[in-house]
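This report refers to the structure that appears directly beneath it.
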Amino acid sequence: MGITNPWEPIQTITNAQTPRLSRGVHVESGTGILLTQVNKLLGWSRSSSLWPALFGLACCAIEMMATSAARFDLARFGAEVYRASPRQADLMIVAGRCSVKMAPVIRQIYDQMPDPKWVISMGACASCGGVFNNYAIVQGVDKIIPVDIFIPGCPPTPDMLLYGFNQLQEKIRLGIPNPPDPFKAGQVKNLGSEN
Amino acid sequence: MLEQHPELHITDSVQIDEKTHVDTMTINMGPQHPSTHGVLRLIVTLEGETVVKIVPDIGYLHTGIEKTAEAKSYFQALVVTDRMDYLAPLSNNLGYSLAVEKLLGVEEMPAKAVYARVLLVELQRIASHLVWLGTSALDLGAQSMFLYCFREREMILDIFELVSGVRLMTSYIMPGGLQAELPPGFDAKVQEFLDVFPERLQEYHDLLTNNQLWIERTKGIAKINSDDAIAWGCSGPVLRGSGVAWDVRKMYPYAGYEQFEFDIPVGSNGDVYDRYLVRMLEMQESLKIVQQALDGMPEGPYQISDHKIVPPPKWSVATNMEALIHHFKLYTEGYRPPKGEVYQRIEAPKGELGFYLVSDGTARPYRMHVRAPSFANLEALPKMVEGELLSDVISAIGSIDIVLGEVDR
Amino acid sequence: MAETVTTLAAKTVELVRGKFREAVLEEALHRGETTIVVMPDKIAAVAKFLRDHTALRYNFLADLTAVDWPEREPRYDVVYHLLSTKTRAVVRLKIRVGQPGEEHPAAPTVSTVWPTANWYEREVYDLFGITFTGHPDLRRILMPDDWTSHPLRKDYPLTGVELPEPHWGGQVPLDQPLPEGIGRQTMRVTHSRPPTPPRPEPEPGE
């Protein structure tokens, strides 16, 4: 057929790198009641004092700053201490558009964070490229680092960021593991034609 | 030491005489760093604590906005212009809208749209300066300033949310007027802000302006004289802080600014303290303009009446055939300005923001180039900071008020 | 200020034509803005003349950019926006460079006249590929240092072309095999709407 519809997207698979995980409590087999309680304690303590690494890139960073300001206080969830050094942080909020020049830097900062670590991808540009579908922007930062929580919006209002943050806290308390790292070979099954 | 030994600028160790040698150290600041406002990378060569050479490395936020705008219609490209200087999206929208209106040859703008545009852009100037004040004070150690400034800024963002539904990235000022009518509670909300803000501004003055610590960190730091500032393309508070009384609102009045009475504060020394004072006084002048615009706001339409450019009201699309056709043509194809090019300059909070639009007669801009004020201001950073201490680099970057979204576009 | 912006612009054209008679190719006045097109090799001399002339004093280079007209020869327009803080004068200068088959057209630099042109010319080199002879430090400024192409040219697609590691993101087209472990670009859109025919020129006498 000679005429192609220029409006039809050539998208056949989902853009999300991370596979869908089931909700529910993940308890390692063979543990007794004591270890479950310890896991619960660890989950509670980790989720109540998440220390974000400063990673504001663009406009979403302004909303992230507004979230830690007086009206939408992020400190009541234990996260007012933004660590400048990634070695002291356990949460990376990627706030803003990631350009191709910045991509190796994001990966390096993520690698410098010690385990356990989580990533919130804040905003449309970090989740999927957003408004900018072009040569300069990484179409979703989950191509580079494993993302736990995606927050849509351009920019998401601070209450949306707080909701996403609360979802992450619940995820930590439930013990849901991190998604697979896109850079570790073999861990990623590309959904789509090459199965 | 620096003048006598120019080789210090590039080598790591220089032998001064048989007993002494001086070592320089090149360090990397950023792109992820708590006090660079955005993803800016600075490669700093230090001799002890003194900066010998500083090279800014930008491009970490390059978004291809100019190329994206070439693929969208004029109305759609309005949305990407918000995201450049993301601290003052309404200013970007105004610059773009004025440029497109110039291209189209739109002469008359209804008075209500003029007043509303000026009011919103001046509120946006105050919001942008509040973020500057909060973050640069935070960098220099005054941490509570951040919380105070953002508290005031929330009031302004409430006003923006009232008119457009969005806190940032409103895209409310469009070519042809405003996107929608100003809602009923607008006057009351703006008046509430105007009643509260002057004393808060006085509070900031009391905290910082005569504070010995602040003066030590900012007076005499990162100077640039007026000839250098002009040669290096600085504009906005950086240029005015150096003593040049240059403000695009007064020199090339646009969008009705000639009807309003305001002064432009001008510094004398060109150091960080003067730029700080210029911006504080500018916030006061913006308050004056907002009060005048609110008091004198006329009744009338909020858009031009040419429906080949602005969409007709939605209720008429359902009943009127011509309105339906205009709506259809505008949203599928868009208007086609005649061939030509324009350069529209406005006074954004950061400096002179220019939009260079080239039209080839089709519905998409052939080229949109944005003259970003922070790009030129950042270029002057080495001039300001070489020879100063490393901690003065932080003061200097804060005082230039760069936004990497507009430097990198 | 005794003279208005328009009279100063007219005076600029007159003075430039007077001094550089053969170098001025054309002039235009559209929407109140004056444009002067000069020959590329004379731009540095014209710039210096405009900066130092006592009646004009164009001491501020507001903007330096380029426009790509791929069907035209010469291909690129390098555009300079000048302004004078002393006399309020405003003018736009243009030069046309880029013969067909020339991969990196050359133009003289004006960074000796206005130091601020340094970064602007680097940006034009990065995005268009126009080299500036005499520039002190011509290297890429916005794209990564090992980028091989010039993105703002009209023949460069909006979503980019495939590039070797370590470039992530909107670089990998759909129909090629992917390196291990790298995600894939799924939407390939070069324009959000099909191109439209140009607006018909107004009839003479309209």
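Protein chains in written order, with this note's numbering: chain A, 1 to 195; chain B, 196 to 604; chain C, 605 to 810. Just so it is clear, CB atoms sit at the ideal spot from N, CA and C, and this is done for glycine as well.
Asked, Found
"May I ask you to list the residues that DSSP assigns as paired with Met747 (chain C)?", "None, per the DSSP bridge assignment."
"Counting only Cβ pairs nearer than 7 Å, list the residues of chain C close to Met446 (chain B).", "Arg692"
"Which residues bound the beta strand (DSSP E) around Glu536 (chain B)?", "535 to 543"
"What's the C-alpha gap between Ser421 (chain B) and Thr720 (chain C)?", "14 Å"
"From B:Asp334, B:Lys307, B:Glu265, pick the residue whose C-alpha is nearest to that of Asp596 (chain B); which is it?", "B:Asp334"
"I want to see whether chain A comes within less than 7 Å of Gly774 (chain C), judged by CB atoms only; does it?", "Model confidence at Gly774 (chain C) stands at a pLDDT of 44, short of 50, so the residue's coordinates are unreliable and nothing is read from them."
"Between which residues of its own chain and Tyr310 (chain B) is the CB-CB distance below 6 Å, once the five residues before and five after are set aside?", "Ala488, Met492"
"Smallest Cα separation from Ser586 (chain B): which of B:Asp469, B:Gly243, B:Pro226?", "B:Gly243"
"Using 10 angstroms around the beta-carbon of Met516 (chain B), count the other beta-carbons present and answer buried if the total reaches 16, otherwise exposed.", "exposed"
"What are the residues that DSSP puts in a beta bridge with Ala710 (chain C)?", "C:Thr735"
"For Ile62 (chain A), go through chain B and note every residue whose CB falls closer than 8 Å to its CB, in chain order.", "Tyr281, Leu282, Val326, Leu363"
"Under 7 Å between C-beta atoms, does Pro740 (chain C) make it to chain A?", "no"
"If contacts are defined as beta-carbon pairs under 8 Å, then Pro709 (chain C) and Ile734 (chain C) qualify, I think. What distance do you get, rounded to the angstrom?", "5 Å"
"Taking only three categories from DSSP, how would you classify Thr240 (chain B)?", "strand"
"Going straight from the alpha carbon of Lys545 (chain B) to that of Ser359 (chain B), what length do you get?", "23 Å"
"Whole-angstrom Cβ separation of Thr413 (chain B) and Asp490 (chain B), contact assumed at under 8 Å?", "Rounded, the Cβ-Cβ distance is 36 Å, inconsistent with contact."
"What would DSSP say about Arg604 (chain B), mapped onto helix, strand or coil?", "coil"
"Closest to Tyr729 (chain C) by C-alpha separation, out of C:Phe664, C:Asp681, C:Leu686, C:Ala693, would be which residue?", "C:Asp681"
"Three or more C-beta pairs under 8 Å: does that hold for the region 260 to 276 of chain B against the region 523 to 530 of chain B?", "yes"
"Would Phe150 (chain A) pass as a contact of Ser121 (chain A) if the rule is Cβ separation under 7 Å?", "yes"
"Please tell me whether Gly43 (chain A) and Ile172 (chain A) are closer than 7 Å, where the distance is taken between their beta carbons.", "yes"
"Applying the criterion that 16 or more other CB atoms from any shown protein chain within 10 Å of the CB defines a buried residue, is Gly535 (chain B) buried or exposed?", "buried"
"Tell me which residue opens and which closes the beta strand (DSSP E) that Arg679 (chain C) is part of.", "First-last for Arg679 (chain C): undefined, no H or E at that position."
"Could you give the C-beta distance for Thr258 (chain B) and Ala136 (chain A), rounded to a whole number, given that I count them as a contact under 8 Å?", "6 Å"
"Who are the near neighbours of Glu398 (chain B) in its chain, counting only those whose CB is closer than 8 Å to its CB and skipping five residues on each side?", "Tyr343"
"Please work out which residues of its chain come closer than 6 Å, Cβ to Cβ, to Ile351 (chain B), disregarding the five sequence neighbours upstream and downstream, and give them in chain order.", "Leu318, Ala322"
"Please tell me whether Leu314 (chain B) and Val485 (chain B) are closer than 7 Å, where the distance is taken between their beta carbons.", "yes"
"Looking only at its own chain, which residues have a Cβ that is under 6 Å from the Cβ of Gly431 (chain B), when we skip the five neighbours before and after it?", "Lys545, Gly546, Pro568"
"Spatial neighbours of Thr240 (chain B) within its chain, please: C-beta separation below 6 Å, excluding the five flanking residues on both sides.", "Thr219, Thr221, Val247, Lys248"
"Nearest to Gln338 (chain B) by alpha carbon, out of B:Ile368, B:Leu403, B:Leu357, B:Met364?", "B:Leu403"
"Out of B:Ser292, B:Leu256, B:Ala308, B:Leu285, point me to the one whose CA is closest to Arg320 (chain B)'s CA.", "B:Leu285"
"Any beta-carbon of chain A closer than 7 Å to the one on Gln374 (chain B)?", "no"
"Which one of A:Gln37, A:Ala53, A:Ile93 has the shortest CA to CA distance from Asp142 (chain A)?", "A:Ile93"
"Pick helix, strand or coil for His521 (chain B), following the three-state DSSP scheme.", "helix"
"According to the Cβ coordinates, are Leu256 (chain B) and Ala126 (chain A) closer than 7 Å?", "no"
"Please report the straight-line C-alpha distance between Arg346 (chain B) and Trp327 (chain B), rounded to a whole angstrom.", "14 Å"
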